[in-house]
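Reading through the structure tokens given below for one structure.
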Amino acid sequence: MLLVNMPGPRSFHELKIVDSVTHATFRSSCQAMTLLERNQQWDICINDACNTAHPNQIRALFAIILTACFPSSPTELWERYRSLMAEDILRRVRLENGNMAMEFTEVIYNETLINIEDKCLTIANKVLIQLGMPAPTRSEIGSFDVDLRREQSYNISDFQLYVQSNIPKLTCEQKGIYDRIMQMINDGVGDLLGCTRRNRENISYQIDFGNGSIKE
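Residue numbering for the sequence shown is 0 to 215, as defined by numbering that gives the first Met the number 0.
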């Protein structure tokens, strides 16, 4: 964005200089050149959502705004609406602790940030610090890859039922490919190729039974 709108920069450092003022970040330079969307319309958008939406829906909206709309001051929006985004987490913590008088804490806000960051990773593969937001503190247990968590949440029984009920629908070519792949996995070739137990359970799911094709 700066490269397109700033005439003749000779270095990345010069991209941070606007009207003889050296800015700390490229985002700040963009703000000085009024290249980023102002917060007002996103403020109105989130405020309207807060009147009717569940906190998780507000977090999802905020994640979309962060990743697709590039507000000029995302931390201001966060500070203004973080309590509304964290209401469901506060309710859960109150019930878990048997104390309905508990108030918002930094731990609750941190969990809210983790939830928002997970959504941003899903949408745009970006962490909050890349989007001008503070980075949440993740525990070792909570820091593993979002895609891995999603992978481990699959219902294996449903997968197996789906596969077994649809194998008879395969064409001869599809059935031959399916049998060869499964035989390679059963023979241990999958381990050499980095095929995990989870891959083994999902590999047959890559056959699109609906349109008669093999998914790559």
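Ideal Cβ placement from N, Cα and C applies to all residues, glycine included.
Straight-line Cα distance separating residue j from residue i
i: residue 42; j: residue 64; result: 10 Å
i: residue 190; j: residue 182; result: Low confidence applies here, because residue 190 scores a pLDDT of 49, under 50, leaving its location unreliable; read the following figure in that light. Answer to the nearest angstrom: the Cα atoms are 13 Å apart.
i: residue 79; j: residue 185; result: 55 Å
i: residue 157; j: residue 166; result: 14 Å
i: residue 110; j: residue 135; result: 8 Å
i: residue 100; j: residue 89; result: 10 Å
i: residue 16; j: residue 128; result: 22 Å
i: residue 122; j: residue 115; result: 11 Å
i: residue 39; j: residue 76; result: 10 Å
i: residue 119; j: residue 84; result: 15 Å
i: residue 132; j: residue 62; result: 11 Å
i: residue 137; j: residue 54; result: 21 Å
i: residue 97; j: residue 117; result: 28 Å
i: residue 74; j: residue 108; result: 13 Å
i: residue 178; j: residue 160; result: 17 Å
i: residue 130; j: residue 12; result: 20 Å
i: residue 52; j: residue 82; result: 14 Å
i: residue 59; j: residue 126; result: 14 Å
i: residue 86; j: residue 57; result: 11 Å
i: residue 204; j: residue 124; result: Reliability of the predicted coordinates at residue 204 is poor, the pLDDT of 48 falling under 50, and the value obtained from them is presented with this limitation in mind. One C-alpha to the other measures close to 25 Å.
i: residue 155; j: residue 162; result: 11 Å
i: residue 170; j: residue 176; result: 10 Å
Residues bridged to residue i (per DSSP)
i: residue 162; result: Beta-bridge pairing links residue 162 to no other residue.
i: residue 16; result: 21
Element boundaries [alpha helix (DSSP H), containing residue i]
i: residue 183; result: 171-185
Runs of alpha helix (DSSP H) wholly within the stretch 34-105 (minimum 4 residues, chain order):
38-49, 54-63, 73-84 and 86-96
When you compare the stretch 92-99 with the stretch 52-72, are there three or more beta-carbon pairs, one atom per stretch, that lie closer than 8 Å?
no
Does the pairing of the stretch 46-53 with the stretch 99-112 give three or more beta-carbon distances under 8 Å?
With a cut-off of 8 Å, the stretch 99-112 and the stretch 46-53 do not count as touching, because too few Cβ pairs lie within range.
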